[in-house]
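K.L.:
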Amino acid sequence: MKRKGKIVIALQQLIRFGWQQAMSCLFPVVIFASLALTQVIPLPFLPRYDWLLLICLLMQWWMVYSGLETKDELKVITLFHVIGLALELFKVHMGSWSYPEEGYAKILGVPLYSGFMYASVASYLCQAWRRLEVELVRWPSFLIVVPLAAAIYLNFFTHHYWFDIRWVLSGLIIIVFWKSWVIYEINGTQYRMPIVFSFTLIGFFIWVAENIATFFGAWEYPNQADAWSIVHLGKVSSWLLLVIVSFLIVATLKQVKKISN
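Letter by letter, the sequence shown follows residues 0 to 260 of numbering that gives the first Met the number 0.
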């Protein structure tokens, strides 16, 4: 009976955790739903990419207006929009992927809604951080974290001209964060998880989300030009590194705000 009671409690906690995660994913869910809807039902007056931009703008406004996101979180999300858009402009120019559909709100072949896909990752991180009352244990110094995040981001650009050092950076991440943990709370009970494991989980699920997004025509890889195919599993490493950059930026800003308060 005692064992059965523990299993019931564990399941209840898992459901609560899943609910908090689902609520934290509200912005990404709206983006995926919009991609699916506009793929199946053509909307009038504007090209699809422009409708997606309007939906993202309205969703962002509603998130702040309703109190689901704070103004400080909006600043973080805006930063990610700029970072993501800069990466998109470069990658599309290099032919890594493309946005083949028409749109008025496009810059150098990149629709402006694309920045919101990166911003939605930041939205998830900020939401989950607040809802689960996340705390970091044995977090490395800013002098290590900031240059490491910068090196990971820059490698997305420099590997087109120089060596791809993603595996070197991945090794450094394991070394730097080997003793780091994230503590989170569910219904008054605290749990902990190794930071490196949490990076891997988030990166994998974003790769799954990427497959859904490309299926609904969010963007197109060269091998998907004729027909959709699953995104190469090797892309998990790219998303893993991007998630790490996102997490490091959010964590650093949270730490700075905590110190200033």
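Idealized CB from N, CA, C, for every residue including glycine.
In this text, all values refer to a predicted model and were calculated from it rather than measured experimentally.
Can you find the residues in the same chain that come closer than 8 Å, C-beta to C-beta, to L45, ignoring five residues on each side of it along the sequence?
P.N.:
Taken in chain order, the residues that qualify are L53 and Y103.
K.L.:
By DSSP's criteria, L135 is part of a beta bridge. Which residues make up the other side?
P.N.:
Bridge partners of L135: V181.
K.L.:
Check P110 in the structure and name its three-state DSSP category.
P.N.:
DSSP places P110 in strand when its eight states are reduced to three.
K.L.:
Classify M192 as buried or exposed, calling it buried when 16 or more other Cβ atoms lie within 10 Å of its own Cβ.
P.N.:
When all chains shown are included, M192 counts as exposed.
K.L.:
For T251, which of helix, strand or coil comes out of DSSP?
P.N.:
Here T251 sits in helix by DSSP.
K.L.:
Looking only at its chain, what residues have a beta carbon closer than 8 Å to the beta carbon of Y190, apart from the 5 residues adjacent to it on each side?
P.N.:
Closer than 8 Å at the Cβ level, and outside the excluded window around Y190, lie I182, Y183 and E184.
K.L.:
Buried or exposed: L86, going by 16 or more other Cβ atoms within 10 Å of its Cβ?
P.N.:
Answer is buried; the Cβ neighbour count reaches 16.
K.L.:
I'd like the list of long-range same chain contacts for H80, defined as Cβ closer than 7 Å, with 5 residues on each side in sequence excluded.
P.N.:
Answer for H80: G114, F115, Y117 and A118, listed in chain order.
K.L.:
If contact is defined by three or more beta carbon pairs under 8 Å, each pair taking one atom from either stretch, is the stretch 29–36 in contact with the stretch 88–95?
P.N.:
The stretch 88–95 vs the stretch 29–36: no contact.
K.L.:
Would you call the CB atoms of S124 and V109 closer than 8 Å?
P.N.:
It is Leu, not Ser, that sits at residue 124 in the sequence shown. Cβ distance not < 8 Å, so L124 and V109 don't count as in contact.
K.L.:
Tell me, which residues are paired with Y190 by DSSP?
P.N.:
Paired residue(s): Y183.
K.L.:
Pick from A150, Y48, V63 and S122: whose alpha carbon is nearest that of L78?
P.N.:
Among A150, Y48, V63 and S122, the Cα nearest to that of L78 is on S122.
K.L.:
Are the CB atoms of C55 and Y112 within a distance shorter than 8 Å?
P.N.:
Yes, these two residues count as a Cβ contact at 8 Å.
K.L.:
Relative to the C-alpha of L240, which candidate in W206, T251 and L73 has its C-alpha closest?
P.N.:
Selected option, being the one with the closest Cα: W206.
K.L.:
Are the stretch 144–156 and the stretch 164–178 touching by the rule of at least three beta carbon pairs closer than 8 Å?
P.N.:
Short answer: they touch.
K.L.:
Using the rule of at least 16 other Cβ atoms within 10 Å of the residue's Cβ for burial, across every protein chain shown, is L147 buried or exposed?
P.N.:
It counts as buried.
K.L.:
With DSSP as the reference, label S97 as helix, strand or coil.
P.N.:
Here S97 sits in strand by DSSP.
K.L.:
Using 8 Å as the cut-off, can you tell me whether the stretch 55–72 makes contact with the stretch 130–142, which would need three or more C-beta pairs spanning the two stretches below that distance?
P.N.:
No, the stretch 55–72 is not in contact with the stretch 130–142.
K.L.:
Mind checking I40: buried by the 16 CB within 10 Å criterion, or exposed?
P.N.:
Exposed, by the Cβ-count rule.
K.L.:
So, at 7 Å on beta carbons, what are the nonlocal neighbours of M58 in its own chain, with the 5 sequence-adjacent residues on each side left out?
P.N.:
Excluding sequence neighbours, M58 sits near F26 and V29.
K.L.:
Give the straight-line distance between the Cα atoms of R15 and N186, rounded to the nearest whole angstrom.
P.N.:
Approximately 8 Å, taken between the alpha carbons.
K.L.:
Rounded to whole angstroms, how far is the Cβ of I151 from the Cβ of I243, which I believe are closer than 8 Å?
P.N.:
Indeed, because the Cβ distance is near 6 Å, the residues count as touching under 8 Å.
K.L.:
What residues match up with K105 in a beta bridge as DSSP calls it?
P.N.:
Answer is P110, bridged to K105.
K.L.:
What residue does the alpha helix (DSSP H) around W161 start on, and which one ends it?
P.N.:
Neither: W161 is in no alpha helix (DSSP H) and is coded neither H nor E.
K.L.:
Measure the CB-CB distance between A127 and S197 and report whether it falls below 8 Å.
P.N.:
Result no, Cβ atoms of A127 and S197 do not sit closer than 8 Å.
K.L.:
Among residues of its own chain, excluding the 5 on either side of I76, which ones have a beta-carbon nearer than 6 Å to its beta-carbon?
P.N.:
Within the same chain, I76 has close Cβ partners A118, A121 and S122.
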